[in-house]
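Worksheet for the structure shown next.
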Ligand code: FAD
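Laid out in structure tokens, this is it:
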């Protein structure tokens, strides 16, 4: 049976292993860590369980699809609850706004709290739904690097409608035009962070992201986000995929025919097909160091990174929900720091995720597991130890003020993740969360293709290549790769 080697057991690597096994390939996944999932992993501390990376789960049908393809009932492996509240927003003046998943309820809440007519939000969400429907076929589901893509009826239709997609206007400019109210604009601008971009630069087409929460709906997996990794690894293993942990690939072997295998410490593995789920920058710089690299693509600006404090908190907070945002007063200055000066704003927007709201066993009784995150620039050699210290103090002061209690006194245990450790644990260049940023009008066309145009038998999946970062797009990258790869029969 022809053999495929997948480098990395990130969510895309796992998904592509499932798809290739179903196409008749013998698949080996080589993972540098001693656990699967890459960014989508978990850890435990002092009786608390934390999802280490992603906390927001959208487009669950893309996970289900993998089980269905394999002829399994997804519900026998993986379950999730649809959220009725997408996010709770706290503004510095004390306004608290519930973004209900249901568009009508959300619009009514905005009218009640901000005095903006409900129709404004309803229209904005409908526009997001239209943008999503028009563009998913071209920007998300197919290779942008194959001529055949551009001859499809749905793609031609999307191209005709390009002017309506607001490629020439920023998300922020579009939101100001349509929503006007500064608090509402800030709420919708925040969707740029769902792929690590800057709402003041990213094109208005990305306003479609709101549709993922208020149209398709956000979810929470039973057992936490780690259940996505665990259930997909279980499925892959049932299909005969072999996962080898603690195996760091050093080089992709190349012969006259293209990629022919991989080299690890002290050994080589021959393969008929090599798929790299490693970030595309180190894939070229380290694994293909002797090959010409697509410099323009590799130099594309990266998405933002994150600074996360995982706190075991010795109390419960009924005023918090699963996803909570504490906005800054000056969003523009915050993004100028992240993408311009590469520094941290004095008043950061803080995200607090409490999975124990849905999974009580994630924290000891009467306590909560807080995942406290701020968006930060990528790792450019800043003094992160100093930045962590100052950010911790700022975050504690802000949360203590807005929640009316001394949070520092409630912290039972603490772990920290920063751009350096994200980079070290997952090989993600500069510690970016989502690969390349979407801050340019045509960013989608500047991501690396899902295949090598120079080397036969070499493919790429994951957040740093087309169609981009985030769990849903990573899963779609695996689908695109499997459509490009021939069946092994
Ligand atoms: P990665 O997760 O990057 O994993 C790559 C794997 O390859 C790693 O396990 C690594 O060890 C392995 N590897 C690399 N090099 C080698 C080598 N040479 N040999 C062997 N193995 C190698 N997305 C969402 O959808 N929702 C969210 O809420 C969300 N929040 C996030 C919060 C944080 C803090 C982070 C870090 C990310 C977040 N994301 C979110 C983004 C999402 O996690 C990623 O886009 C996605 O998980 C990336 O998956 P991937 O397949 O690209 O691989």
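In this note's numbering, the protein residues as written are 64 to 552.
For every residue, glycine included, the Cβ atom is placed at its ideal position computed from N, Cα and C.
In this structure, residue 435 lies away from residue 401, with their beta-carbon atoms at least 8 angstroms apart. Proximity of the beta carbon of residue 310 to the ligand FAD is indicated: a heavy atom of the ligand is located closer than 7 angstroms. 8 angstroms or more divides the Cβ of residue 146 from the Cβ of residue 152.
The closest heavy atom of the ligand FAD lies less than 7 angstroms from the beta carbon of residue 94.
Put simply, the backbone Cα of residue 178 is about 19 angstroms away from that of residue 150. Judged by pairs of C-beta atoms under 8 angstroms, the stretch 310-322 does not touch the stretch 279-299, as fewer than three such pairs exist. Here the C-alpha atom of residue 425 lies approximately 16 angstroms from the C-alpha atom of residue 291. As the crow flies, the alpha-carbon of residue 463 is around 27 angstroms from that of residue 169. The nearest non-hydrogen atom of the ligand FAD is 7 angstroms or more from the C-beta of residue 424. Residue 432 counts as buried, since no fewer than 16 other beta carbons sit within 10 angstroms of its beta carbon.
If you compare the alpha carbons of 471, 235 and 257 with that of residue 263, the shortest gap goes to 235.
Taking a contact as a CB-CB distance under 8 angstroms, the pair residue 106 and residue 113 counts as one, their CB atoms being some 6 angstroms apart. The stretch 531-542 makes contact with the stretch 488-504; the number of CB pairs closer than 8 angstroms reaches 3 or more.
Per the coordinates, the alpha-carbon of residue 430 lies some 14 angstroms from the alpha-carbon of residue 385. For the ligand FAD, a non-hydrogen atom lies closer than 7 angstroms to the CB of residue 535.
Judged by DSSP secondary structure, residue 220 falls outside any beta strand (DSSP E) and instead within the alpha helix (DSSP H) spanning 216-223. Placement of the Cβ of residue 490 at a distance of less than 7 angstroms from at least one heavy atom of the ligand FAD is found. Along the length of the stretch 100-138, whole alpha helix (DSSP H) runs at least 4 residues long occupy 124-132, reported in chain order. Of the other Cβ atoms in all chains shown, fewer than 16 fall within 10 Å of the Cβ of residue 508; this residue is therefore exposed. Per DSSP, the beta bridge partners of residue 373 are 434 and 478.
Per DSSP, the continuous beta strand (DSSP E) segment holding residue 416 begins and ends at 413-417. In this structure, residue 74 has its beta carbon less than 7 angstroms from a heavy atom of the ligand FAD.
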